[in-house]
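Protein chains in written order, with our numbering: chain R, 1 to 495; chain S, 1001 to 1095. From the three backbone atoms N, C-alpha and C, an ideal C-beta is built for every residue, glycine too. Keep in mind it's a predicted model, so treat the numbers as computed, not measured. For reference, the structure discussed in these notes is given below.
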Amino acid sequence: MSELSSLSIAEARDALRRGDVTAVELTEACLREIEAADALNAFVHKTPEIAMERARAADAMLKEKGDEAPGMCGIPVGIKDLFCTEHVPSQAASRILENFRPEYESTVTAQLKAAGAVMLGKLNMDEFAMGSSNEHSVYGPAVNPWRVDERLLTPGGSSGGSAAAVAARLCLGATGTDTGGSIRQPAAFTGIVGLKPTYGRCSRWGIVAFASSLDQAGPMTRTVRDAAIMLQAMAGHDPKDSTSADLPLPDFEAAITGDIRGKRIGIPREYRMEGMPAEIEALWKQGAEMLRDAGAEIVDISLPHTKYALPCYYVIAPAEASSNLARYDGVRYGYRAKLAKGEGIVEMYEKTRAEGFGPEVQRRVMIGTYVLSAGFYDAYYNRARKVRSLIKRDFETVFADGIDAILTPATPSAAFGLGEMSEADPVQMYLNDVFTVTVNLAGLPGIAVPAGLDSQGLPLGLQLIGRPWEEGELLNLAETLERAAGFVSKPEKWW
Amino acid sequence: MSIDLETAAHVARLARIRVEPERLPALAEEFNRILGFIEQLNEVDVEGVEPMVSVTPMRLKRRPDEVTDGGYPEKILSNAPDAREGFFVVPKVVE
C-alpha cells in the first residue's frame, strides 16, 4: 500500500497545506493503487483524466488560499455509482442505465468538487442500492479487502465498492448512501467509519432515487475526524431538494472535543437479539464500558417497536422504489429492449424492465406495486406508515428523557463469504439491516465505528445513534469510542 | 394472505415487468415469503396513530411559480435510446 494513499483525510489536508505533498502526488498515488486493485472490483468507472485535472486545480487553490482552502481541497475520493456525475457513467450498477451519461452533477458531488475534492472514479454497489452484499450488481460483486482464508468475502452493501476502496487504501474517502444501512453495514464489514446523517442534511438532488423518504448520502472514511471533514463539504441546504433542511451548518470537526463527560448513552434492550453471536454481545458491552470510562453515563432504555422495523421497512422502501423506478421505461435514457415485429409500447416497457432490472430490483418493485395496489394500500402501506410513527416515537421518548445517544452493534455478524447467501431466502439477507434500519425510519443520524476483530480476525463495528441534527455531538462520541477501541488493524494486501 | 399465480401475473403486469409463465410459481412463492414476514405488522396496535408523512417536522418551501431552468432540448435528448428531430421516438401508440 502506498503511504500517501494510506493517509487520513486530516493528515493529507495538513500535509497539503504545509506543502509537504501536492494534490497531484496524492492523486497519482491513489490512481496507482486503483490500477493494481482490479481484483477488488471496487472502482467500476475510472476517471484518471478528470482526477488529474481536478488535482492540478486543487493545487492552484491551495497555493492561492493556503490554510483558508476547504478541508477537502486536494483530497482524492471515490464516488458511489448512484450519484449522477456530469458526462461520467452513472448507472446505479444497473443494466437499465447502461451508457447513461448525465448532463448534470448531483448537488453532493458538485459541492465536493467546489471544495476541491478530487474524483477518482465511480464505485461499485448493489443495483439501485438494493442489497446488503454488493452481489446484486451489473458489474459483479465488489470484494472485501479483508480475508482470513481462501474465501472471498463480501464488503457488504449497498455501498460495497465505497467500503472496499476506502478500506483497501485506494482513496482517502468515498461517498455512500444509506436507505436501510447501506453506509453503516459495509463500513462495519470492512473496518472503516460510515456516517448516515440526519435525513435532510445532505441534498438528494442528482442521486438516483431508491426510497425517497429514507435515502440519505454520507461519508465513508477511515477515521471519525475524516467523516466530519467530508460531511462538512457534502452537507447543506439545497433549493433543488425540497426535503433538504434549511438549517445552519455547524463546524462538525470542531465538535470533536474529546470531552463526553456527563453524556447519557442509552443501551436498548430490544437490540439484544436471540442468537446474537457472543462476540458481538461482548464487543457491545466493551463499547459501553469505554464510553463509561470516558465519563458518560450508561442507561438501559427500551425501544419497544424495534422488532417491527424490518417488516415496516420492507413495505415502505419497496413502495417508494416501485414509484421511483417507474421512470425507467426505455424512452428517455438508458437501456431499451429490442422488439419483435408487431410488438408495441407496452411490450417495450415490459421487456425493457425485465431485461434491464436484476432479480432483486424486480422483486422489490413488484412487492412495492402490490402493497400500493387497490385494496391493499391501507392494509400494508398505511399500516406501515403508522408503525413508522411508533418507531420514531420510541426514539423521541428516550431523547425526551435525556438520552444523548444510543449504542448498538452495527451488524448481526462479521462479513460473510460471497455466494454464501445466494441460496438463502431474501428475508434472511434483509436481516443484515436489523440494527440500522430503525435509524432510517426515524430519520436520525447514525455512525458505524470499527471497534474490534472477531475470532477469525474480521472487523466488527459498533453503531451510535444521535438526536436529529446532532451529527457534531455524535461524531464527538464516536471519536471517543474510536480512540478507546484503538482499532488499527488493516487488511493485508493480497490483491 | 396468499398470492396465487394469477395475482403474481397481475402484479408483474402492473409493474410493467415481463415474467415468463414458467417463472410465476417461484415468484408467487417469494412474494408469499416476503409478505409473510410483513404480516408481523398486524400485531401492532395502530389505533389512533397518524401515518408518518415527513421525517422532520418542516413546512415545504414555496417559491413563485416561474420557469427557472430549461431551454436545452439537446441535453434532454442526449441519452435517449432513440431520438429524432427533437423528439423521443417510441413504437407507434395510436393507429
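What does a CB cutoff of less than 6 Å around residue i pick up in its chain, not counting 5 residues either side in sequence?
i, result
"D241(R)", "S203, R204, W205"
"P141(R)", "N134, E135, L418"
"R201(R)", "A235"
"G266(R)", "V299, I301, V398, I403, I406"
"G358(R)", "E127, H136"
"Y308(R)", "V387"
"F1073(S)", "In the sequence as presented, Phe is not what sits at residue 1073(S); that position holds Pro. Closer than 6 Å at Cβ, skipping near neighbours: G1086."
Would you say residue i reaches chain S, if we count a Cβ-Cβ gap shorter than 8 Å as a contact?
i, result
"C312(R)", "yes"
"A165(R)", "no"
"L249(R)", "no"
"D425(R)", "yes"
"Q91(R)", "no"
"P304(R)", "no"
"M366(R)", "yes"
"R383(R)", "yes"
"S203(R)", "no"
"Y370(R)", "yes"
"R336(R)", "yes"
"L231(R)", "no"
"A245(R)", "yes"
"Y380(R)", "yes"
"Y333(R)", "yes"
"A363(R)", "The sequence shown places Arg at residue 363(R), rather than the Ala named in the question. So, interface residue."
"G258(R)", "no"
"G584(R)", "Since the first and last residues shown for chain R are 1 and 495, residue 584(R) lies out of range."
"P70(R)", "no"
"G443(R)", "yes"
"S322(R)", "yes"
"Y308(R)", "yes"
"G330(R)", "yes"
"L152(R)", "no"
"V88(R)", "no"
"V449(R)", "no"
"P268(R)", "no"
"L339(R)", "yes"
Are residue i and residue j close, meaning C-beta to C-beta below 8 Å?
i, j, result
"M52(R)", "V21(R)", "no"
"L1041(S)", "V387(R)", "yes"
"N157(R)", "M125(R)", "A small correction: the amino acid at residue 157(R) is Gly; Asn does not occupy that position in the sequence shown. Yes, these two residues count as a Cβ contact at 8 Å."
"I256(R)", "E479(R)", "yes"
"Q111(R)", "A233(R)", "yes"
"L153(R)", "A415(R)", "yes"
"F128(R)", "L325(R)", "yes"
"M230(R)", "M61(R)", "no"
"T306(R)", "P277(R)", "no"
"A1008(S)", "L1027(S)", "yes"
"V1011(S)", "Y370(R)", "yes"
"E482(R)", "G334(R)", "no"
"E355(R)", "M130(R)", "no"
"G194(R)", "G218(R)", "yes"
"Q463(R)", "T436(R)", "yes"
Within 8 Å of any Cβ in chain R, is that where the Cβ of residue i sits?
i, result
"R1033(S)", "yes"
"F1037(S)", "yes"
"P1073(S)", "no"
"V1044(S)", "yes"
"V1094(S)", "no"
"P1064(S)", "no"
"V1090(S)", "yes"
"S1078(S)", "yes"
For residue i, collect the residues of the same chain with a Cβ closer than 7 Å to its Cβ; drop the 5 residues on either side in sequence, then sort them by chain order.
i, result
"H87(R)", "R101"
"T1056(S)", "none"
"A115(R)", "P70, M72, C73, A233"
"P491(R)", "P145, W146, A167, A168"
Excluding sequence positions up to five away, which residues of its chain have a Cβ less than 8 Å from the Cβ of residue i?
i, result
"L496(R)", "With chain R covering 1 to 495 only, the question about residue 496(R) has no answer from this structure."
"R385(R)", "I316"
"E105(R)", "C84, T85, E86, K113, G206"
Would the beta-carbon of residue i be found less than 7 Å away from any heavy atom of the ligand ATP?
i, result
"R1013(S)", "Among the ligands in the structure shown, none appear at all, so the ligand ATP cannot be discussed."
- Message: Closer than 9 Å between beta carbons: that is the criterion. Which residues of the stretch 345 to 356 of chain R meet it against chain S?
- Response: Residues I345, V346, E347, M348, Y349, E350, K351, T352, R353, A354, E355.
- When you check each C-beta in the stretch 1006 to 1031 of chain S against every C-beta of chain R, which residues fall closer than 9 Å? Under the 9 Å Cβ criterion, the stretch 1006 to 1031 of chain S contributes T1007, A1008, H1010, V1011, A1012, R1013, L1014, A1015, R1016, I1017, R1018, V1019, E1020, L1027, E1030, F1031.
- Item | Near-chain S residues of the stretch 99 to 124 of chain R (beta-carbon distance less than 9 Å), N- to C-terminal order | Cβ contacts with chain S come from N99, F100, R101, P102, E103, Y104.
- Message: Counting only Cβ-Cβ distances shorter than 8 Å, please list the residues of the stretch 1048 to 1059 of chain S near chain R, keeping chain order.
- Response: Residues V1049, E1050, P1051, M1052, V1053, S1054, V1055, T1056, M1058.
- Task: Inspect the CB distances between the stretch 462 to 479 of chain R and the stretch 246 to 262 of chain R and report whether three or more fall short of 8 Å.
- Result: Enough Cβ pairs lie closer than 8 Å, so yes.
- Query: Looking at chain S, which residues of the stretch 384 to 415 of chain R have a Cβ within less than 9 Å of any of its Cβ atoms?
  - Reply: From the stretch 384 to 415 of chain R, only A384, R385, K386, V387, R388, S389, L390, I391, K392, R393 have a Cβ closer than 9 Å to chain S.
- Task: Report yes or no: do the stretch 451 to 463 of chain R and the stretch 389 to 398 of chain R share at least 3 C-beta pairs separated by less than 8 Å?
- Result: Verdict: no, contact absent.
- Query: When you check each C-beta in the stretch 165 to 182 of chain R against every C-beta of chain S, which residues fall closer than 8 Å?
  - Reply: Hits within the stretch: zero.
- Query: Taking any Cβ of chain S, which residues in the stretch 184 to 211 of chain R have a Cβ under 8 Å from it, in chain order?
  - Reply: For the stretch 184 to 211 of chain R, which is checked against every Cβ of chain S, the residues closer than 8 Å are T198, Y199, G200.
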